[in-house]
Amino acid sequence: MQPGRASSIPPRVRVAARFVLAAAVLLAPAAVRADGLAWTPYESETGRFRVLLPAAPVPTSGAFETRAGSVPEVGVETETADLVVKVEHHDLPRLACLLLPDERILEFAASGLLRDRHGRLESEEPTLFQGHPGRMLRYLRSDLGDREEEARLVLVGHRLYIALARAQGSDAREPIGRFFDSLEIWED
Numbered sequence: 207m208q209p210g211r212a213s214s215i216p217p218r219v220r221v222a223a224r225f226v227l228a229a230a231v232l233l234a235p236a237a238v239r240a241d242g243l244a245w246t247p248y249e250s251e252t253g254r255f256r257v258l259l260p261a262a263p264v265p266t267s268g269a270f271e272t273r274a275g276s277v278p279e280v281g282v283e284t285e286t287a288d289l290v291v292k293v294e295h296h297d298l299p300r301l302a303c304l305l306l307p308d309e310r311i312l313e314f315a316a317s318g319l320l321r322d323r324h325g326r327l328e329s330e331e332p333t334l335f336q337g338h339p340g341r342m343l344r345y346l347r348s349d350l351g352d353r354e355e356e357a358r359l360v361l362v363g364h365r366l367y368i369a370l371a372r373a374q375g376s377d378a379r380e381p382i383g384r385f386f387d388s389l390e391i392w393e394d
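First residue of the sequence shown? That's 207 in this note's numbering, and the numbers climb one at a time after it.
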């Protein structure tokens, strides 16, 4: 409003608008954290991914042997009372990526994941994630009393990303979806 001009908005409407705005500001954090988790962004420059995590990230690393050589694994994991999530990436041997079709690499990765996680496959579907080939897996972990776990595998060039999520107790469908939906990957 310009100085010296009367507002065309009635005072009651202005008060109501301020109330609605204040309520929206106060309720926004509750909507973001309706699942009771304090989601915070995590970005890995070296891993070239970004994701929302429900707790402080714990770095993970390791390696596994393949016929084409050792494959390093780097990632982050977080655990709350209700949810365990992890994102890891593996730089596969470039020669293997040149010789094998993407679907074959994803097939090997899925079977290795199921073996390493003591998983019994419940469902698997091929996906495209940000234009890159991938797979969504749902499996039961025999080492955890047949607790369900989900994984998203994505192949970006010679780098394989694996995002894992598992509910610890109560139904965590919404937080698992939030975790998977927040994942962003970028190339060099």
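The beta carbon of each residue, even a glycine, is placed where N, CA and C say it ideally should be. Remember, it's a predicted structure, so these values are computed and weren't measured experimentally.
_Inter-residue spacing [alpha-carbon to alpha-carbon] between G275 and L298_ = 9 Å
*asked:* Tell me the DSSP secondary structure of L350 in three-state form.
replied: helix
*asked:* For D387 and S250, what's the separation of their Cα atoms in angstroms?
replied: 17 Å
*asked:* Can you tell me whether T360 is buried or exposed? The criterion is at least 16 other CB atoms within 10 Å of its CB, across all chains shown.
replied: Rather than Thr, the amino acid found at residue 360 in this sequence is Val. Answer is buried; the Cβ neighbour count reaches 16.
*Which stretch, first to last residue, makes up the beta strand (DSSP E) that contains A395?*
The structure shown does not extend to residue 395, since the chain is modelled only from 207 through 394, so no value can be given for it.
_Suppose you measure from the CA of R300 to the CA of L334; what does that come to, to the nearest Å?_
21 Å
*asked:* Out of Y367, H324, P339 and L320, which one is the CA nearest neighbour of G351?
replied: H324
*asked:* The beta strand (DSSP E) that contains A269, what's its start and end?
replied: V264 to T272
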